[in-house]
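One structure is given here, and the rest of the page talks about it.
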């Protein structure tokens, strides 16, 4: 399925073409729509630029824009680590540590 706009078809030479193939039972259709004239747009001059707001005479002008501070030369140290992972226990010359005793029974 497809939609076809409800516009006038241009049937001039080369713009409207049909063909029926009896062997394959296929129908071909090619057409163009008539070009609608575009409405003439009246060009108006651009509006004047907005005027800056008028300050009362007793007000001071705004201060000049300040530049942001320059970035620091050195990077700050990393934040301290809270609850760091403790280092593993030292190995005693390849010997295995003794197995701790089981908890007491109550």
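In our numbering, the protein residues as written are 210 to 315.
Even glycine gets a Cβ: it sits at the ideal position worked out from N, Cα and C.
### Message
Rounded to the nearest angstrom, what separates residue 232 and residue 220 at their Cα positions?
### Response
27 angstroms
### Task
Alpha carbon to alpha carbon, how far is residue 253 from residue 230? Give it in angstroms, no decimals.
56 angstroms
### Message
Considering Cα atoms alone, identify which of 216, 287, 222 is closest to residue 246.
### Response
216
### Task
Output the distance between the C-alpha atoms of residue 238 and residue 249, rounded to the nearest integer angstrom.
33 angstroms
### Query
Under 8 angstroms, do residue 225 and residue 240 count as touching if we go by C-beta distance?
yes
### Query
Run through DSSP, which three-state label would residue 221 get?
coil
### Query
What's the C-alpha gap between residue 218 and residue 244?
9 angstroms
### Task
Determine the DSSP secondary structure at residue 239, reduced to helix, strand or coil.
strand
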